[in-house]
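Undergrad:
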RNA sequence: GGCGCCUUCGUCUAUCGGUUAGGACGCGAGGUUCUCAACCUUGAAAGAGGGGUUCAACUCCCCUAGGCGCUACCA
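Numbering (the working numbering), first residue to last: 522 to 1020.
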C-alpha cells in the first residue's frame, strides 16, 4: 500500500513556522516512501477562516517548494458527509442526542473558563454523567421530533481504554474515564473538528497522520471514532513542538513576524536554506552533517529520526542582529556563498529588479561580468537583500556613503584627497594599453604606495570607501577589476565626500 | 486540579550499557590579511535532582522537580 499523508492547516493566519515544519516532514515522508502528499484546508470554523489565510498558507508552501499531489480538499465542502456520519453513529446507538441547551461562550475567555472549571472540579469528574446519555428511545425521539435542538455526542464506553502505537512517542494508552463523550455534531448541525478530521482522513485514504504533538490527546478521541465506525485507524506520528526562547508558546501575538513564513521570504532567505534549517528542528539523521540538499533530506528522512522533546526556536527580541535564529541566518549565508552560482542567479534577478538595479545586459553582453561580480560579493552576504543594499555600488552610481567609514578611512588621512585622484590619473596613464586586471593593478598601486611613503592599507581602505561607500568588502584589487577602469577612475576622482 | 508527553553545552543535536560525552550555530583567543567576511588552529560550555538494576548507566526502572500539551457545541 502506498503511503498517503496530508498537511491539514486551518486557515486562521499565515503559515506558522511550526506548521511549515509539519508540512515539510509530511512532504519528506511522502517523497521518501514514494507516496502522496495531500493538502487539506480545515476551514470548518467559518468564523475564523479566511481566504486570505488560505492564500498565505499556499504561498508559504509554494515558496518552500513543498508541492502537493492531487486536488486541495476544503474540509467545509465535506460537511454533509460529516453530518451523515454522525447521524449514522446515532442510528447505530454509538452516539446520542444531547439536549442540554448550548451554553453561550463567555466571549474570548474560553481558556479561563476551562481553567476555572478544572479548579472547581478538583480532579476526577465523571465523564458519563450526561443525563441524556441513556434517555429512553421514546422520549428521545419525541423531543427530537418536537424540534428541540440537540448536539450529537459519541457514546464512549464506561470501561476500557483507547490505545495506539505512535511512530514517534511509542505506545499510547488512555482510559475511557479520561475521555468525555465528545460532541460530534453541534446543535446547529455543524460538524466538529475530531469528526471532520476522521471522516476526511478516511475519505482521503490517509495512511499516516503526521502532525503536532498538541494533538496527542485528541488522537484518543479520534481512535474512538474510528472504532465506532469500524475502521482501522491510520498510523500516527506526532511531532514535538517548536517553542519560543522562553520555552513558551511561539505565537504571532507575542512574537510577531518571526513566526511567519512570509517574513523569511521577504527578508531574502532562500527557501532551500530555510527548509534545511527547519528539517533539523526536531529531526536528525543521526550523523554530523548539517547541510542537506532536498534530495538528501528525502533520502534520509525517517519517522525514527524524529525527536520527542520540544525544540526552541532561538531568537532575541529587540536585537536586530538576532531577530531570528542564529543558525537559520548562518545557514542562509552558507547557502548564498556556496551553492552553485547558476542556482543562485535566478534569485538575484528579482531582487535587483525590485531595487531598480537590474539591467538586461546582465544576461547578455555583461553576463560574464555580472556572474563574476555576484560571485565576488556573495562571499560575505547573508540574505538576498544584501545584493541590492550592500551590493548597490556594484550596480549603480547612486550609492550611499557610511559616515563612519568616511571618518575612519578618508578624513583621517587628508592626503587621500589629492592622492586618490592622483591614483586615478596613474590608472589612466598605466592602463592605456595594459589589461586592467588584479595583477597589474597590484603593481601600480604598490608602486604608488611606495612613492607616497604610506601603507598599502591607507590607499586601499580609502579607495574602498570612496568606490563602494563602505569600509568592508572584497579585496580592493577585485573591486577595482570588477568596477573596471572607467568607473574606478571616475570614482577615485570624486570629491563628493570631502565637502 | 486531572490525564498525557518531555528533560545531554546558551540554542539545534550525536550517543541506542563500557566514549577524554562528539558535531553545528553563537561566543572567546590566535593565524591569514588592504577592511570585513570566509577559511585554518584553538578555548570556554552539557547528562535536572535522588534512589535503584548492573562488574559498568547519559543510556534501563522508580520517585521528585521543572517544562510542555490536552482538558470547548475551537481547530
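Each residue gets a CB set at the ideal place from its N, CA and C atoms; glycine is no exception.
(1) Indicate whether residue 771 and residue 538 have their beta-carbon atoms separated by less than 8 Å.
(2) The beta strand (DSSP E) with residue 590 in it runs from where to where?
(3) Quick one: what does DSSP say residue 687 is sitting in, helix, strand or coil?
(4) The alpha helix (DSSP H) with residue 617 in it runs from where to where?
(5) Using only alpha-carbon positions, find the residue among 812, 551, 533 that is nearest to residue 527.
(6) Between which residues of its own chain and residue 649 is the CB-CB distance below 6 Å, once the five residues before and five after are set aside?
(7) Taking all protein chains shown into account, decide if residue 852 is buried (16 or more other Cβ within 10 angstroms of its Cβ) or exposed.
(8) Could you check what DSSP says for residue 705 in three-state terms: helix, strand or coil?
(9) Span of the beta strand (DSSP E) holding residue 675?
(10) Quick check on this structure: which residue in 774, 590, 715 has the alpha carbon closest to the alpha carbon of residue 702?
(11) I'd like the list of long-range same chain contacts for residue 805, defined as Cβ closer than 6 Å, with 5 residues on each side in sequence excluded.
(12) From the DSSP secondary-structure annotation, give me the bridge partner or partners of residue 914.
(13) Does DSSP put residue 770 in a helix, in a strand, or in coil?
(14) Per DSSP, what kind of secondary structure is residue 843 in: helix, strand or coil?
(15) Smallest Cα separation from residue 651: which of 672, 667, 631?
(16) What is the rounded straight-line gap between the Cα of residue 950 and the Cα of residue 1006?
(17) Alpha carbon to alpha carbon, what distance is there between residue 768 and residue 762?
(18) Quick one, are the C-beta atoms of residue 706 and residue 734 less than 8 Å apart?
(19) Contact check, residue 595 vs residue 564 under 8 Å by CB: the rounded distance?
(20) Taking residue 809 as the reference, which of 1010, 824, 801 has the closest Cα?
(21) Can you tell me which residues form a DSSP beta bridge with residue 581?
(22) My parser needs the alpha helix (DSSP H) runs of 4 or more residues fully inside the region 770-820; what are they?
(23) Decide if residue 692 is buried, meaning its Cβ has at least 16 other Cβ atoms within 10 Å, or exposed.
(24) My assumption, with CB atoms under 8 Å, is that residue 543 sits in contact with residue 731. Please give the rounded CB distance.
(25) Just to confirm before moving on: does the CB-CB distance between residue 764 and residue 536 stay below 8 Å?
(26) Rounded to whole angstroms, what is the Cα-Cα separation between residue 553 and residue 792?
(27) Buried or exposed, going by whether 16 or more other CB atoms sit within 10 Å of the CB of residue 684?
(28) Going by DSSP, which residues form a beta bridge with residue 696?
(29) In the DSSP assignment, find the alpha helix (DSSP H) that holds residue 759 and state where it starts and stops.
(30) Cutting at 6 Å between CB atoms, please list the residues of its own chain near residue 824, excluding the five before and the five after it.
(31) If you reduce the DSSP assignment to three classes, tell me which class residue 494 lands in.
(32) Give the secondary structure of residue 608 by DSSP, where H, G and I count as helix, E and B as strand, and everything else as coil.
(33) Tell me the residue span of the beta strand (DSSP E) that contains residue 560.
(34) Kindly indicate which residue of 586, 786, 737 has the alpha-carbon position closest to the one of residue 871.
(35) In the DSSP output, which residue or residues are listed as bridge partners for residue 719?
(36) Measure the CB-CB distance between residue 976 and residue 789 and report whether it falls below 8 Å.
TA: Let me spell this out:
(1) In the first chain, residue 771 corresponds to position 250, counting from 1. In the first chain, residue 538 corresponds to position 17, counting from 1. Closer than 8 Å, so yes.
(2) Taking the first chain and counting its residues from 1, the one referred to as residue 590 is at position 69. Counting along the chain, residue 590 falls outside any beta strand (DSSP E), and DSSP gives it neither H nor E.
(3) One-based indexing of the first chain puts residue 687 at position 166. In the structure shown, residue 687 sits in a strand (DSSP, three-state: E or B).
(4) Your numbering for residue 617 matches position 96 in the first chain. Residue 617 -> not in any alpha helix (DSSP H); beta strand (DSSP E) instead, spanning 616-619.
(5) Residue 527 sits at position 6 when you count from the first residue of the first chain. When each option's Cα is compared against that of residue 527, the closest is 551.
(6) Along the first chain, one-based indexing puts residue 649 at 128. Within the same chain, residue 649 has close Cβ partners 679.
(7) Within the first chain, residue 852 is the residue found at index 331, counting from 1. Under this definition residue 852 is a buried residue.
(8) One-based indexing of the first chain puts residue 705 at position 184. Residue state, collapsed to three classes: strand.
(9) Along the first chain, read from residue 1 onward, the residue named residue 675 stands at position 154. Its beta strand (DSSP E) spans residues 672-675.
(10) Position 181 of the first chain, counted from the first residue, corresponds to residue 702. Residue 702 has its Cα closest to that of 715, out of 774, 590, 715.
(11) Within the first chain, numbered from 1, the residue matching residue 805 stands at position 284. Correct list, in chain order: 826.
(12) For the purposes of this step, residue 914 is taken as the residue at position 393 of the first chain. Its beta-bridge partners do not exist; DSSP assigns none.
(13) Stepping through the first chain from its first residue, residue 770 is reached at position 249. Residue 770 carries a strand assignment under DSSP once its states are collapsed to helix, strand and coil.
(14) Here residue 843 corresponds to residue number 322 of the first chain, with the count starting at 1. It is helical.
(15) For the purposes of this step, residue 651 is identified with residue 130 of the first chain, where counting begins at 1. If we check each option's Cα against that of residue 651, 672 comes out closest.
(16) Taking the first chain and counting its residues from 1, one reaches residue 950 at position 429. Taking the first chain and counting its residues from 1, one reaches residue 1006 at position 485. Straight-line Cα distance between these residues: approximately 11 Å.
(17) To locate residue 762, count along the first chain from 1; it is residue 241. To locate residue 768, count along the first chain from 1; it is residue 247. Spanning the two alpha carbons is a distance of roughly 10 Å.
(18) Counting from one through the first chain, the residue named residue 706 turns up at place 185. Counting from one through the first chain, the residue named residue 734 turns up at place 213. Not closer than 8 Å, so no.
(19) Within the first chain, numbered from 1, the residue matching residue 595 stands at position 74. Within the first chain, numbered from 1, the residue matching residue 564 stands at position 43. About 6 Å separates the two Cβ atoms, so the contact holds.
(20) Translated into positions along the first chain, residue 809 becomes position 288. For the residues 1010, 824, 801, the minimum Cα distance to residue 809 belongs to 801.
(21) Residue mapping note: residue 581 aligns to position 60 of the first chain, counting from 1. Residue 581 pairs with nothing; no bridge assigned.
(22) Secondary structure in the region 770-820: the alpha helix (DSSP H) runs of 4 residues or longer, each lying completely within the stretch, are 773-776, 782-787, 792-800 in chain order.
(23) Locating residue 692 in the first chain gives position 171, counting from the first residue. Around the CB of residue 692, fewer than 16 other CB atoms lie within 10 Å, so the residue is classed as exposed.
(24) As a first step, residue 543 must be located in the first chain, where it is residue number 22. As a first step, residue 731 must be located in the first chain, where it is residue number 210. Right, the Cβ-Cβ distance comes to about 7 Å (below 8 Å), so this counts as a contact.
(25) As a working mapping, residue 764 is identified with position 243 in the first chain. As a working mapping, residue 536 is identified with position 15 in the first chain. Against a cut-off of 8 Å, the Cβ pair of residue 536 and residue 764 comes out as no contact.
(26) What you label residue 553 is simply residue 32 of the first chain in a count that begins at 1. What you label residue 792 is simply residue 271 of the first chain in a count that begins at 1. One C-alpha to the other measures close to 20 Å.
(27) By one-based count along the first chain, residue 684 stands at place 163. With fewer than 16 Cβ atoms within 10 Å of its Cβ, residue 684 is classed as exposed.
(28) As a working note, residue 696 is residue 175 in the first chain. According to DSSP, which records beta bridges pairwise, residue 696 is partnered with 682.
(29) The count along the first chain starts at 1 and reaches residue 759 at position 238. Element bounds for residue 759: not the alpha helix (DSSP H) but the beta strand (DSSP E), 756-760.
(30) In the first chain, the residue the question calls residue 824 occupies position 303. Excluding sequence neighbours, residue 824 sits near 688, 758.
(31) Nothing in the structure corresponds to residue 494, since the chain is present only between 522 and 1020.
(32) To locate residue 608, count along the first chain from 1; it is residue 87. Here residue 608 sits in helix by DSSP.
(33) Reading the first chain from its first residue, position 39 is the one you call residue 560. 557-562 is the extent of the beta strand (DSSP E) around residue 560.
(34) By one-based count along the first chain, residue 871 stands at place 350. Ranking 586, 786, 737 by Cα distance to residue 871 puts 786 first.
(35) Reading the first chain from its first residue, position 198 is the one you call residue 719. Answer is none; residue 719 lacks a bridge partner.
(36) For the purposes of this step, residue 976 is taken as residue 455 along the first chain, with counting starting at 1. For the purposes of this step, residue 789 is taken as residue 268 along the first chain, with counting starting at 1. No, the pair does not count as a contact, with Cβ atoms beyond the cut-off.
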